[in-house]
Structures are given as structure tokens and as C-alpha cells.
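Student:
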Amino acid sequence: MIELKNLESVLALNRRPCVRRPKYLAAIKKVAAEESTTSANIVEKVSKELAEFRYTTKSIVRFLRMYGMTETKTIRIQYYRSKNSTPFKHRLVVKGLGFTRLNQIVERVDNESIRGMVKAVPHLVRILED
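7 is the number of the first residue of the sequence shown in the working numbering; add one for each residue after it.
1. Are K6 and L56 close, meaning C-beta to C-beta below 8 Å?
2. Among V100, I48, F94, L31, which residue has its Cα nearest to the Cα of G122?
3. Assuming E135 is part of the beta strand (DSSP E), what are its boundary residues?
4. For L130, which option in N90, K36, A39 has the closest C-alpha, if you only look at C-alpha atoms?
5. Less than 8 Å between C-beta atoms, sequence neighbours within five positions excluded: which residues of the same chain meet that for V52?
6. Please report how far the alpha carbon of I81 lies from the alpha carbon of R132, in whole angstroms.
7. Taking C-alpha atoms, which residue in R60, V124, F59, R68 lies nearest to V49?
8. Look up Y30 in the DSSP assignment and say whether it is helix, strand or coil.
9. Looking at the unbroken beta strand (DSSP E) that takes in E55, where does it start and where does it end?
10. So, under 8 Å CB-CB, N109 and Q84 are touching, yes? Tell me the CB distance rounded to an integer number of Å.
Next comes the structure, spelled out in C-alpha cells:
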């Protein structure tokens, strides 16, 4: 059985209306009450629970991440060299990583696509911590 970090209080803070929230909450509470549920397999179990509503796994993962219910690894990336005089594709990669100014530090989800973007412009950005 996993412990959901004060689910109701987190949802009360959200100001945007969410049509799917009651269905998500019901499924999450049902899955969290099971003994065999871990933070690693909560997404699969919730998606099976919500299969009748045809919600995509991507939307379920987004919902769980939004409220801090899944553990995701993140990396901190620093934009330390200017993109001036670099190829246009490199500028797009820097923009895609979310940088808007020099020496800015952003935190991104640690996955292959972000790592690939950082690997494409190692002369412009650096990973501060894994």
C-alpha cells in the first residue's frame, strides 16, 4: 500500500477546473488501497482502472506528476554559453530545453529525449547534477 501525499489538500490548491479529476481520484484511491501497489506500478494499475473511459496513459501520467504522486528523476541544466553564431538547429534545441537567458538553470525530467538534446549542444549547456 502506498501513501498518497495529502491528496485532497493538494487538489484543493489547484484553481483550474478538471473534468476528469473525480474519476482519476476514485481510481487512484482504489489502487492506492491495494497492498501490492508501489510507486513504480501505480500508473499501470490506474490506467487499467480507467480503461473504460479511454483515457490515455499519457494523460494519467501527467495528472499524477502534476500532483506529485509519482517519483520522477530530474536533472538540472545550466545554459552557460551564448547561442550567437551557432547553427539555427542549436538555437532551437536551446529554446526547446526552455532557456530564455544566459546562466539560467532549469530542472527537467531525466529521460532520453532531454539527454539527447543536451548531448546535441554540450558546448552551450551543462548538466549540474544528476
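Glycine included, every Cβ here is placed at the ideal spot set by N, Cα and C. None of the values given here were measured: they were computed from a predicted structure.
Tutor: Short version:
1. The question about residue 6 has no answer here: the residues shown for the chain are numbered 7 through 136.
2. Along the sequence shown, read from residue 1 onward, the residue named residue 122 stands at position 116. The shortest C-alpha separation from G122 is found at V100.
3. On the sequence shown, residue 135 is found 129 positions in, with the first residue counted as 1. Counting along the chain, the beta strand (DSSP E) containing E135 begins and ends at 131 to 135.
4. Within the sequence shown, the letter at position 124 stands for residue 130. If we check each option's Cα against that of L130, N90 comes out closest.
5. If you number the sequence shown from 1, residue 52 lands on position 46. Y30, A33, I34, V37, I66, L70, listed in sequence order.
6. The sequence position of residue 81 within the sequence shown is 75, counting from 1. The sequence position of residue 132 within the sequence shown is 126, counting from 1. Approximately 10 Å, taken between the alpha carbons.
7. By 1-based counting over the sequence shown, the position of residue 49 is 43. Ranking R60, V124, F59, R68 by Cα distance to V49 puts R68 first.
8. Translated into positions along the sequence shown, residue 30 becomes position 24. Helix at Y30.
9. Numbered from its first residue, the sequence shown carries residue 55 at position 49. First-last for E55: 48 to 55, but that is the alpha helix (DSSP H), not the beta strand (DSSP E).
10. Stepping through the sequence shown from its first residue, residue 109 is reached at position 103. Stepping through the sequence shown from its first residue, residue 84 is reached at position 78. With 8 Å as the limit, N109 and Q84 qualify as a contact, their Cβ atoms being about 7 Å apart.
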